[in-house]
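Student:
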Amino acid sequence: MKQYKSTIKGIALSFIAAFSITSCSEDVMDKVNENPNNAHDVPAKFILSDVGVSTAFNVVGGDFTLYSSVYIEHETGTGQQQWRAETRNGEPTASSTYNNAWLSLYSNIKNAKMVIDKCQNSSLDKGNAVTEAIGHILLAYNAAIATDMFGDTPFSETGIMNEDGTPKYMQPKIDTQEYIYGEVMNHLTTAIELLDGGNAKDNGLSGGIGDKDYFYGGKAEKWLKAAYGLKARYTLHLLNRSKDTNKDLNDILTYIDKSFKSAEDELKLAIYDGAQKNPTFSFNYSRFGSFSVSESLIEKLNERNDPRLAQSFMNADAEKHIEANEIKAAPNGEALESSSEYSKSMIGYAITAPTQLLSYHELLFIKAEAMARLDQSGVENVLKDAIKAGFENMEVSLKSSNKFFKDNIKGYEEVTIALSDKVNDYYTNNVSGKFTENEIKEIIAQKYLAFYGASGESVEAYNDYRRLKAEGKGYEVKLNNPLNVNKFPHRFGYGGSDVTANKAIKEAFGDGQYVYTEPVWWAGGTR
Amino acid sequence: MKTQEVAVKPILNIVLHSDAEILDEVVVTAMGISREKKALGYAIEDLKSDQLTQASNSNLAGALQGKVSGIDIKPSSGMPGASSQITIRGARSFSGDNTPLYVIDGMPVTSTPDIDTDKQNNGSVSGADFANRAVDIDPNDIESINILKGQAAAALYGIRASNGVIIITTKSGKGLAKGKPQISFSSNVSFDVVGRTPKQQMIYAQGSKGQFDPTSGQAWGPKISELPNDPKYGGNTDNEYTQKYGKHEGKYYVPQLAAAGLDPWATPQAYDNIGDFFRTGVTWNNSFNIAQALEKTTYSFSLGSSTQSGIIPGTGMQRYNAKVSAETKLSNNWTTGFVANYITSNIDKATTSGNGILRTVYAAPPSYNLAGIPYHINGDPYTQNSFRSSFDNAYWAIENNEFNEKTNRFFGNAYVNYKTKFGTDNHTLNVKYMAGVDAYTTHYTDSYGYGSYSSINGDLTKYGWTNATYNSLLTVNYDWNINEDWNLNVIAGNEIIQSYRNKYYSYAYSYGFSGWNHLDNATVQKTSSEKWQKRTVGFFGNIAASYKNMLYLTLTGRQDYVSNMPRNNRSFFYPSVSLGFILTELEALKNDVVTFAKIRASYAEVGQAGDYKENYFDIPSYGGGFYQITPLQYPINGNTAYVPYEVIYDPNLKPQNTKSYEFGADVSLWNNIVSLSYTYSRQNVKDQIFEVPLSGSTGAESMLTNGGKIHTNTHELAVDFTPIQTKLADWSFGFNFTKMINMVDELAPGVESIRLGGYVTPQVRASAGEEFPVIYGSTYKRDENGNIMVDENGLPIKGEDGVIGKVSPDFMLGFNTSLRVWKFRLNAVFDWKQGGQMYSRTTGLGDYYGTSSRTANREGTIIFDGVKADGSKNDIEITGPIAQQAYYTAINDIDESSVYENSFIKLREIALSYPVVKNKNIELNVNAFARNILIWATVPDVDPEASQGNNNMTGAFEDYSLPQTASYGFGFNLKF
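These protein sequence lines are chains A and B, in that order. With this note's numbering applied, the first sequence covers 2 to 528. With this note's numbering applied, the second sequence covers 18 to 993.
#1: Using the beta-carbon of each residue, which ones in chain B are nearer than 7 Å to F172 (chain A)?
#2: Of all the alpha helix (DSSP H) runs that stay within the bounds of the region 236 to 317 of chain B, which reach a length of 4 or more residues?
#3: Is the distance from the Cβ of F420 (chain B) to the Cβ of A145 (chain B) below 9 Å?
#4: May I ask which residues mark the beginning and end of the beta strand (DSSP E) holding S545 (chain B)?
#5: On the DSSP letters alone, give me the boundaries of the beta strand (DSSP E) that E940 (chain B) sits inside.
#6: What's the gap between the Cα of I927 (chain B) and the Cα of S563 (chain B)?
#7: Just checking my contact of P308 (chain A) with G63 (chain A) at CB under 8 Å: how many whole Å lie between their CB atoms?
#8: Could you give the C-beta distance for E342 (chain A) and A319 (chain A), rounded to a whole number, given that I count them as a contact under 8 Å?
#9: I'd like to know whether the C-beta atoms of Y467 (chain B) and G532 (chain B) end up nearer to each other than 9 Å.
#10: Of all the CB atoms in chain B, is at least one closer than 9 Å to the CB of A95 (chain A)?
#11: Where in the region 609 to 677 of chain B do unbroken runs of the beta strand (DSSP E), each at least 3 residues long, occur, reported from the N-terminal end onward?
#12: Inspect the CB distances between the region 200 to 212 of chain A and the region 37 to 50 of chain A and report whether three or more fall short of 8 Å.
#13: List, in order along the chain, the chain A residues whose C-beta lies closer than 9 Å to that of A785 (chain B)?
#14: What is the rounded straight-line gap between the Cα of S677 (chain B) and the Cα of F789 (chain B)?
#15: Please report the Cβ distance between V777 (chain B) and S857 (chain B), rounded to the nearest whole angstrom; I am assuming they are in contact, meaning their Cβ atoms lie under 8 Å.
#16: Quick check: K188 (chain B) and A310 (chain B), are their CB atoms within less than 9 Å of each other?
#17: Can you list, in chain order, the stretches of the beta strand (DSSP E) that have 3 or more residues and sit fully within the region 225 to 295 of chain A?
#18: Around the C-beta of W351 (chain B), are 16 or more other C-beta atoms found within 10 angstroms, so that it is buried, or is it exposed?
#19: Count the other C-beta atoms from every protein chain shown that fall within 10 angstroms of the C-beta of A605 (chain B), then say buried if there are 16 or more, exposed otherwise.
#20: Using a C-beta cutoff of 9 Å, does Y659 (chain B) count as contacting chain A?
#21: Give the list of continuous alpha helix (DSSP H) stretches no shorter than 4 residues that lie fully inside the region 283 to 356 of chain A.
#22: By Cβ distance, which residues of its chain are closer than 6 Å to Q780 (chain B), with the 5 residues on each side in sequence left out?
#23: Do three or more CB pairs link the region 286 to 298 of chain A to the region 73 to 87 of chain A at distances below 8 Å?
#24: Evaluate V116 (chain A) with the Cβ neighbour count: other Cβ atoms within 10 Å of its Cβ, from every protein chain shown; 16 or more gives buried, anything less gives exposed.
#25: Using a Cβ-Cβ distance cut-off of 9 Å, determine whether I39 (chain B) contacts chain A.
#26: Cβ of S342 (chain B) within 8 Å of any heavy atom in the ligand MN?
#27: If the cut is a Cβ gap below 7 Å, which residues of chain A does S527 (chain B) touch?
#28: Does chain A have any CB closer than 9 Å to the CB of A222 (chain B)?
#29: Mind checking if Q82 (chain A) is an interface residue toward chain B, Cβ cutoff 9 Å exclusive?
#30: Given a cut-off of 9 Å on the beta-carbon distance, is the pair A525 (chain B) and T478 (chain B) in contact?
#31: How many angstroms separate the CA atom of N439 (chain A) from the CA atom of N138 (chain B)?
#32: Any beta carbon of chain A sitting closer than 9 Å to that of R925 (chain B)?
#33: Mind listing the chain E neighbours of A717 (chain B)? Cutoff is C-beta to C-beta under 7 Å, in chain order.
#34: Could you check whether L337 (chain A) and F366 (chain A) sit closer than 9 Å to each other, using their CB atoms as the reference points?
#35: In whole angstroms, give me the CA-to-CA distance for T729 (chain B) and S930 (chain B).
#36: Quick one: what's got a C-beta closer than 8 Å to V182 (chain B)'s C-beta in the same chain, skipping five residues either side?
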């Protein structure tokens, strides 16, 4: 009996031991650790879909535009980070300032590269020509903003992943702006080829991108126009470095001819419906008082007795629409840090205004500038069309704000938003004279005013200013911030994550003061 | 021999108690192994039931404070169910778990929170706290606690041992005399009042630059008494309102009164908005236990309840505990038993920090009657009426926002034990198999109601975790008394832990209409779920040999296999060795003064695994950064996108490794009148597993990989005195002293610091070359000599971002005393923490807003202690309200200005008890107690133990954190 018992014990023990051993083999443990909650791979279009949204929301409509609008005086920073940017106190030279945008930008670049790679190499995605073309266009778009903001910056070694998902280059090297712009143009050319005159189709096994493309629903002919439009924009950016200005200006006009025919064609993210919110709105709603009405902007509007003056501004509490004579603008560079002192921009509440990656009015302004530079005739008509397209875009934003206030503020008195019907009078009475005085200067001034809004276009105004300042002919708009004497940010400083973890960037960044002294390459700088 | 007083009776029957009894005290060590305390080669700390519950604290972490050395207990607040961080001998992990393993009645149970405030609350600076699961433990049901502080003590627990172990033995019928059941009932009530709160100025009204502004967030307006003369709102002056309603002498127009539909003309006065807001919380604790020892069976049945209402209206906790345990002897060899616990708890919480409930209480201008003016406008309970916008009016928030967690939990185990002596005297074999389960579900609700400023038309998150952990433990214990001198004990065992975790998550915002804060009323909804499994399989062995009750040597080893590491990096071996040498067993050293002396040394290696996952795609999320709302949310137009997750997992991840050694001595003098215990320990931790920040240009944000080194030197000293032991009175007191230096030697290459929580700045970080953790943010600009520089207005200048404070204290000292005079017993516990710093945003913003009492002297002059541009001492006077406001605005922009030294002394507990009846049949004790009633602290406005985060940042960062409480109460224990 005793023996019998110990046999049972022996069996029981060895059973437990055997179970213990088999329960911890690598295969069993792999199974235990399986992650059923996330996809381990997805077709390219699901990635590309967010490259578009993130480019619009995080890159175009995000921090780049917020800070550009301060530097370019579309708004005056009167609260926290924006006030410190306004007063050039810390923010412009700190590596933490643009890190969020930096992360989004490089995440977009990685994802766009992944999309292109999948469309070329993955059996499911091969043959998706439109998807791949969009990948090239958005890659070019993010690369261009990266170098416009940061000058020489990593690109060729960014976002390249090993098989196991780890980055191939832990500290991507810095590429020159010239090289990156070469790549931007190459990717746009590749996209144009892939789009096959607008006839391209997604033929891969994973299916077409369709409505996962929030811009154009996967329509090749629309993307083709956008690609040409972007070529025009980027050729203009590089004008100071042009080897043959005449050719480039003519190329710009050719590109624009192949691009947007109306605002319908614009490359814009128009998904905001109230539940999904415009980034400018989301910022102003979250950080009330960070922005106030810019004195320098009001000055420019006043000079032209601009119809936007009467329609675009709110009282300090942003609860009541105000007339032109009631505006209390915040002095640029010298404003108090206060949310209750100055009037506010109405467009800050344009909850449904689309984000413009490339607008029709921008192309018309580029066209006007190119024509003026080539001494062509008919510039005035183009300019007038540009102003009108700009007014129409502004109307969309103001109407959205107006509705938001009506829905959310008790006792809010609605404003009748009407700008575009005033264009002819405005042009004749207030623009024409200035245009005659200095064609390019007025085109740029009007472009600047058209870029004020909720569409995320302050970055392009900032690019124009730097390009024209470098040209040295005085075409740029006048900025009022007295600190610009020695503290105009010629560029944005590298993102903090690379300043910490990427040696080359850390060295290039130094103490961050270089942003006040070194323009980017296309604005006459060396890096 | 221990001195005994014996009543003189006709026949003396004296039982002689051996002194050795104290020294032969048996403690529970790793894996439930009972050993004589004197045999241990490492430090162990044990606490008994009465030490824990002397002041009726229903929170275990709170009940431990000041009573043990080498342990840092950091509560987050005094709110019911508030989280607290317990770390033993410093931190080993930067961002991972540093809290000890809890083992209750032989089985490891979950004690950590499921929700990390860093993840759920944007860096622990929004939302409400999350309780840790140790909150489920009822201190009243604890028989004893043993704390295994060092890695050698804990090494048998393998991969989970690196943070030390808290072994809890609950009350059971064991040890009772056989016979009738023993019933005990205890009940107490305590009244909790708010502890430290900011002192406010009571002179100046709402506004800025001396101008009254009824919607300003600041109190830099005119004198309150001057309000009737205000040009815009005064009842004495000619303005919009007096033109409309006529003059109101001595009064002023309050738009919020008008909005509430009340008489808008008010006579100015100063309001105590903070005092008005807090209420007296009440806590009821009841516990009932019946236990009995029968011929072959013992059982115990307990019920406990703790009902607490917090000092902030709407907050509170209800917890009910039930436990049954039994053990029966089946035969001479076989014993079987079980223990089963059921707990249900419900915690109502309030928000802190960025959108904290106190944000509108502490910052309310004294001229505004926060409690008196209705918090909503007339006719619409959802539209707020407050002194400012952007932050929810606290009274509105109480009615409209909800933060709750509800838990149902079961844990317990059943075991069978076989014991044989093989028919010999000197061989004992014990084989025990135990199977246990710890299963619970917690449901969380975070709800900002329709009209909240933290949302647009409402924002609701409902989510929860269901966790089940199964534990199988086999131990074979063999004891061999080889001869008079030698004794050998060998243990071998196997443990399998398998856990399943399921999460559901639903998030919705933008309600269609007011009055119904529900998922079904939201225009945007998102749901998701997660499930995870984890398995640990461990084999362990323990060999202990002793020689002549003098030399004790223990070797342990454990091989662990864990599922949550990458393939081929899953198995690890952890050894330990410890040696104890009782000097007083040497004949030559026996004397009358030194009753007992032991020296001990140990060495151990243990590790910690990380949660490795195969790299994956995730749905991108929008928000964070500047956004206080969720701006975008997939699906968009019915489509969802997926991108590679921002954190990369390193397929070569290996476990982090802690090597530790400790040396110590235990000495008793004069028959234990004085006893002291000293331990020095050193831990070297390398290959920490954490999310190493990457260059953003890689396209990823961080990588979960190994990196870094941290080391800790700890000195622990416990001294106990029992100077008086007589029939009339006895008195004992003791100190426990801890000095800990926890240095971060390095992080990953190129990484100087990593964030643990906070805003963009300031943050709490781990920083290479600094003690763990530090406060990081904008500094004062200093010249080469380290003097703070001022500008032409005499205001300090903001410098670069850098380390602005170190959090860990220089030392901690607990003081306990117990005094009995006749039948009265008085216990007290003091706790002293010296040094270390804390960031207090509440304090800094109190100055910025002009509400703090420091801003009361506005006519006066401030000269900032600094140097001017030319290097000379600053003498620029900042005089008058406008200049002072500019001064406080300037320093508020410099994070360093809100860092304060964080030394404090607290009277943790004081308790008086008296046995009303004590005889063979019945015992009745009554007691009165108070907790945290005396505080000396260097932090100016807030409690030094109120802070953000339920993780490693606890204790470092205060931001409208909920306050601590002082409690007064009384109760009774009845036993029959």
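Heads up, the beta-carbon is just placed ideally off N, CA and C, and yes, glycines get one too. Predicted model only: the values in this text are computed from it and were never measured.
Tutor: The structure says:
#1: As a first step, residue 172 (chain A) is located in the first sequence; it is residue number 171 there, counting from the start. Residue identity differs from the one stated: residue 172 (chain A) is Gln in this sequence, not Phe. Here the neighbours are S712.
#2: 257 to 262, 272 to 276 and 290 to 294
#3: Here residue 420 (chain B) is taken as the residue at index 403 of the second sequence, counted from 1. Here residue 145 (chain B) is taken as the residue at index 128 of the second sequence, counted from 1. Yes, Cβ-Cβ distance for F420 (chain B) and A145 (chain B) is below 9 Å.
#4: Within the second sequence, numbered from 1, the residue matching residue 545 (chain B) stands at position 528. Taken as a continuous stretch (DSSP letters only), the beta strand (DSSP E) holding S545 (chain B) covers A539 to Y564.
#5: Residue numbering aside, residue 940 (chain B) sits at position 923 when the second sequence is read from its first letter. First-last of the beta strand (DSSP E) with E940 (chain B): E940 to A954.
#6: Mapped onto the second sequence, residue 927 (chain B) falls at position 910. Mapped onto the second sequence, residue 563 (chain B) falls at position 546. When rounded, the distance between both Cα atoms is 42 Å.
#7: The sequence position of residue 308 (chain A) within the first sequence is 307, counting from 1. The sequence position of residue 63 (chain A) within the first sequence is 62, counting from 1. With 8 Å as the limit, P308 (chain A) and G63 (chain A) do not qualify as a contact, their Cβ atoms being about 30 Å apart.
#8: Counting from 1 along the first sequence, the entry for residue 342 (chain A) is found at position 341. Counting from 1 along the first sequence, the entry for residue 319 (chain A) is found at position 318. With 8 Å as the limit, E342 (chain A) and A319 (chain A) do not qualify as a contact, their Cβ atoms being about 13 Å apart.
#9: Walking along the second sequence from the start, residue 467 (chain B) turns up at place 450. Walking along the second sequence from the start, residue 532 (chain B) turns up at place 515. Yes; because the gap between Cβ atoms is below 9 Å, this pair is in contact.
#10: Position 94 of the first sequence, counted from the first residue, corresponds to residue 95 (chain A). Interface residue, yes.
#11: 611 to 625 and 664 to 666
#12: yes
#13: On the second sequence, position 768 is the one that residue 785 (chain B) refers to. Residues of chain A passing the Cβ test: none, with the nearest at roughly 11 Å.
#14: For the purposes of this step, residue 677 (chain B) is identified with residue 660 of the second sequence, where counting begins at 1. For the purposes of this step, residue 789 (chain B) is identified with residue 772 of the second sequence, where counting begins at 1. Each residue's alpha carbon lies about 18 Å from the other.
#15: Looking up residue 777 (chain B) in the second sequence gives position 760. Looking up residue 857 (chain B) in the second sequence gives position 840. V777 (chain B) to S857 (chain B), Cβ: 18 Å. No contact.
#16: For this step, residue 188 (chain B) is matched to residue 171 along the second sequence. For this step, residue 310 (chain B) is matched to residue 293 along the second sequence. In this structure, A310 (chain B) does not lie closer than 9 Å to K188 (chain B) by Cβ.
#17: 268 to 270 and 292 to 294
#18: Here residue 351 (chain B) is taken as the residue at index 334 of the second sequence, counted from 1. Exposed, by the Cβ-count rule.
#19: Taking the second sequence and counting its residues from 1, one reaches residue 605 (chain B) at position 588. Exposed, because fewer than 16 other Cβ atoms sit within 10 Å of the Cβ of A605 (chain B).
#20: Locating residue 659 (chain B) in the second sequence gives position 642, where the first residue counts as 1. Taking Cβ atoms only, chain A reaches closer than 9 Å to Y659 (chain B), which makes this a yes.
#21: 296 to 304
#22: Residue numbering aside, residue 780 (chain B) sits at position 763 when the second sequence is read from its first letter. R772 and Y793, listed in sequence order.
#23: yes
#24: Translated into positions along the first sequence, residue 116 (chain A) becomes position 115. With 16 or more Cβ atoms within 10 Å of its Cβ, V116 (chain A) is classed as buried.
#25: Counting from one through the second sequence, the residue named residue 39 (chain B) turns up at place 22. In this prediction, I39 (chain B) has a pLDDT of 45, which is less than 50 and means its spatial position is unreliable; nothing more can be read from the coordinates.
#26: The ligand MN is not among the ligands present in this structure, which contains no ligands whatsoever.
#27: Position 510 of the second sequence holds residue 527 (chain B). What S527 (chain B) touches in chain A: A276.
#28: Your numbering for residue 222 (chain B) matches position 205 in the second sequence. So no, A222 (chain B) is outside the interface.
#29: As a working mapping, residue 82 (chain A) is identified with position 81 in the first sequence. Judged by the 9 Å Cβ criterion, Q82 (chain A) is in contact with chain B.
#30: The residue you call residue 525 (chain B) lines up with position 508 of the second sequence. The residue you call residue 478 (chain B) lines up with position 461 of the second sequence. Contact flag set, yes.
#31: As a position in the first sequence, residue 439 (chain A) is number 438, starting the count at 1. As a position in the second sequence, residue 138 (chain B) is number 121, starting the count at 1. Spanning the two alpha carbons is a distance of roughly 54 Å.
#32: Taking the second sequence and counting its residues from 1, one reaches residue 925 (chain B) at position 908. Closer than 9 Å: no.
#33: As a matter of chain content, chain E is missing from the structure shown, whose protein chains are A and B.
#34: Working through the first sequence from its first residue, we reach residue 366 (chain A) at position 365. Working through the first sequence from its first residue, we reach residue 337 (chain A) at position 336. Not closer than 9 Å, so no.
#35: Walking along the second sequence from the start, residue 729 (chain B) turns up at place 712. Walking along the second sequence from the start, residue 930 (chain B) turns up at place 913. Going from the Cα of T729 (chain B) to the Cα of S930 (chain B) covers about 40 Å.
#36: If you number the second sequence from 1, residue 182 (chain B) lands on position 165. Answer for V182 (chain B): A47, P117, L118, Y119, V120, I164, L165, A170, A171 and Y174, listed in chain order.
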